[in-house]
Every structure is written in structure tokens, then in C-alpha cells.
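Undergrad: The opening residue of the sequence shown carries number 52 in our numbering; numbering runs sequentially from there.
Where is the CB? At the ideal position from N, CA and C, for every residue including glycine.
Since this is a predicted model, take the numbers as computed values, not measurements.
Sharing a structure with you now.
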Amino acid sequence: MSISLTKIQAPIAEEMELFEKKFRTSMKSKVLLLDRIMSYIVKRKGKQMRPMFVFFMAKLFRGDGIGDATYRGAALIELLHTATLVHDDVVDDANYRRGFFSVNALWKNKIAVLVGDYLLSKGLLLSLHNDDFELLKIVSNAVREMSEGELLQIEKARRLDITEEVYFDIIRQKTASLIASCCAVGASSAGASPEDVEKARLFGEKVGIAFQIKDDLFDYGTAEIGKPVGIDIKEKKMTLPLIHALREADWLTKRRVIYNVKNNNGDSKRVQQVIEFVKASGGIDYTIEIMNKYHAEALAILHTFPASPSRTSLEQLIAYTIEREK
């Protein structure tokens, strides 16, 4: 990795620190149990790439600093996104999130669903109380798309008939829509024109697609990471390397591989056979090529904006998304 996330974040370190304080305040509750859970959620923060995209994009349009609307926009995204993660863990019956116990594992499903609802309402009220209607519109649309993408994936997973076109529909909605909304919120909160806000959104969408493709590559052991190799296959998720490999295979091979994914996905030996099939069929090389294409398209959009320290930081951040090891 040529540059660490900490170094990329350095130009906005003060803003990130202030954001964390503001975000903690926005999570406060008068209910003791809820306050304890909110405190637990805040402690489990990940890479914080979402607020980074918001702040760098805002600085791209407002070089004199970040205003209150941008902090609220970043908090809105974090609140609504955290709500979806809490609900996702209930849906997936997951006991862990980023190496920590999930909310539902510690406090059971009923409380987890209510906590997700609480986070959602906090985000909505934060925007409504400050008349941030445009920001609320951007983020609400992303949450709708994320839900649709998740349901589309569940529907297609039953029959394992995902084409490349459907795959891109799923990841655009499930993953890319969130990063797109971060960039659009950053631009909008800094007073950018509707045309520039749309350009920022499209930039974020390209980055988000490249980010998810990189995640899908991890399933085939392209790096030593926390995510177990073959986990997508075990969960019957059709990702780009497998979709491409099946498209290139003869009918009999395709039938055998699909049978293994559908019926032998709990057998580590069979899962490894699927991984080897994908590698031998050029699925990895093809996927890397497509990922690099989206990275180049994102860069091209970014370069329509004037050169600045913030633009350089965004270049580093999108490079990180495809070079990261975890």
C-alpha cells in the first residue's frame, strides 16, 4: 500500500476529531439502556471513509473550511448507515461486526431493531430541525437504493441466475449508492451547483463500484485479510469473478460449478474447487481489469474539478479503495 488511510486523513484530522465529538453528541439519549448501546456503537468505528469523502468533497468546493451543514450531513450519513447495519445484522443473524459482537448478539433482536429505528429517527430529525432538506433527500434516496439492492440480491441468490448486468445493479445500489451520497452531500453542503452535486454523486458511484469489486476479489484469496476466503461462495453470492468464469465455461462445467455453489457450499474442498475454477478461467484478471476501469472513470470525473489539495486527497482516497489489503 503506497499511502496509509491515516496519512490521507491528515489534512482533515481536526475536522474529523470535531466531527467525532459532534457525532457522539447526536447519539445521546435520556434512556440509560439506549445510551449504553449508543456508546458501544460509537466505540466500534471502522475506517471512517464515509465522513472523509464528505469532508474532502466539501473542501473541494469550499476551500475556506467546512461549515456546520457539512458536519450535519456527515452525521446524517453515519446515523442512517449505522441504522442499516444494525438491521442487517438482525436479518443475517450475524453475531459479529468488525470483530466486535453485534448489537443483536449482545442485546437480542428486538432491542437491535428498535435501536436501528432510533438511529434512523435521529438522522431524520437532525436534518429536519436544521432545514437540511436537500441533504435528507440525497441520503434517503441512498437508503432506499441500499434496501432495493439487498432484496434484489436475495431474490437472485435463490436461483443463482445473476448476470453481469444484474450484478452491477446490485452493487451500485447496495454499496456504491452510499459512497455516492457521501460525495453528493459534501458538495451540496458546501453550496455546489446542482450540476456539480450530480457530478460528485457520479464520482462517488464509480468509486463505490470499484470498492465493492475489490471486496469481491478478497473472496479468492488475493490478500491476507480478516474476511475468510470463499465466504461469498459459502453464502451463495454470485460476484463478478464467478459470473465471468461461468460465462466463459462450457455447459457441463457451468452446471457442475453451479451445483457445488448451491448444494456443496458448506464443503471447504468443493468451495476451493470453485475458487480454482474461477482463477483458471481468467475470472480474477477480468475483474481486476473492470475495477481499474471504474477507478479510471472516477479519476476522469474528479479531474474536471480544479486542482487543489482536496482533489489530491480524493485521488489518494480512491487509490486506497483499490489498493487496500483489507
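Between the beta-carbon of R101 and the beta-carbon of E129, is there less than 8 angstroms?
TA: Against a cut-off of 8 angstroms, the Cβ pair of E129 and R101 comes out as a contact.
Undergrad: Can you tell me whether F184 is buried or exposed, with buried defined as 16 or more other CB within 10 angstroms of its CB?
TA: Burial call: exposed.
Undergrad: Taking Cβ positions, are V194 and T135 nearer each other than 8 angstroms?
TA: Going by C-beta atoms, V194 is nearer than 8 angstroms to T135.
Undergrad: Quick one: grab the DSSP three-state call for F254.
TA: The answer is helix: DSSP assigns F254 an H, G or I state.
Undergrad: If you pair each beta-carbon of the stretch 161–175 with each one of the stretch 84–101, do three or more pairs fall below 8 angstroms?
TA: Yes: the two stretches touch, three or more of their Cβ pairs being nearer than 8 angstroms.
Undergrad: Measure the C-alpha to C-alpha separation of V105 and R123 and round it to an integer number of angstroms.
TA: Roughly 10 angstroms separates the two Cα atoms.
Undergrad: Closest to A347 by CA distance: which of A370, A145, K188 is it?
TA: Nearest option by C-alpha distance: A370.
Undergrad: Under 8 angstroms between the Cβ atoms of V322 and V308?
TA: No, the pair does not count as a contact, with Cβ atoms beyond the cut-off.
Undergrad: Any contact between the stretch 335–352 and the stretch 69–88? By contact I mean 3 or more CB pairs, one from each, below 8 angstroms.
TA: The stretch 335–352 vs the stretch 69–88: no contact.
Undergrad: To the nearest whole angstrom, what separates the beta carbons of M197 and I264, a pair I think is in contact under 8 angstroms?
TA: About 17 angstroms; that fails the 8 angstroms criterion.
Undergrad: Mind checking who R148 pairs with in its DSSP beta bridge?
TA: Looking at the DSSP assignment, R148 forms a beta bridge with F151.
Undergrad: Which residue marks the beginning of the alpha helix (DSSP H) containing P102, and which one marks its end?
TA: From DSSP, the alpha helix (DSSP H) with P102 extends over 100–112.
Undergrad: Could you say which of A296, I162, E249 lies nearest to G237 if we only look at CA atoms?
TA: Closest option to G237, Cα to Cα, is E249.
Undergrad: Going straight from the alpha carbon of K188 to that of K173, what length do you get?
TA: Going from the Cα of K188 to the Cα of K173 covers about 15 angstroms.
Undergrad: Keeping to the same chain, check which residues put their C-beta closer than 7 angstroms to that of G200; ignore five residues upstream and five downstream.
TA: For G200, where only same-chain residues beyond five positions count, the Cβ hits under 7 angstroms are I221, Q224, K225.
Undergrad: Helix or strand or just coil, what does DSSP make of R209?
TA: Three-state result, R209: coil.
Undergrad: By alpha-carbon positions, which one of K313, N192, Y310, S359 ends up nearest to I230?
TA: When each option's Cα is compared against that of I230, the closest is N192.
Undergrad: Round the Cβ separation of F262 and I352 to the nearest angstrom and send it over; I've been treating them as touching at under 8 angstroms.
TA: Going by Cβ atoms, the distance from F262 to I352 rounds to 15 angstroms, so no, they are not a contact pair.
Undergrad: Using beta-carbon positions only, say whether A241 and R113 come within less than 8 angstroms of one another.
TA: It is a contact, given that the beta carbons lie within the stated cut-off.
Undergrad: Grouping DSSP H, G and I as helix and E and B as strand, with all else coil, what is V82?
TA: V82: coil per DSSP, three-state reduction.
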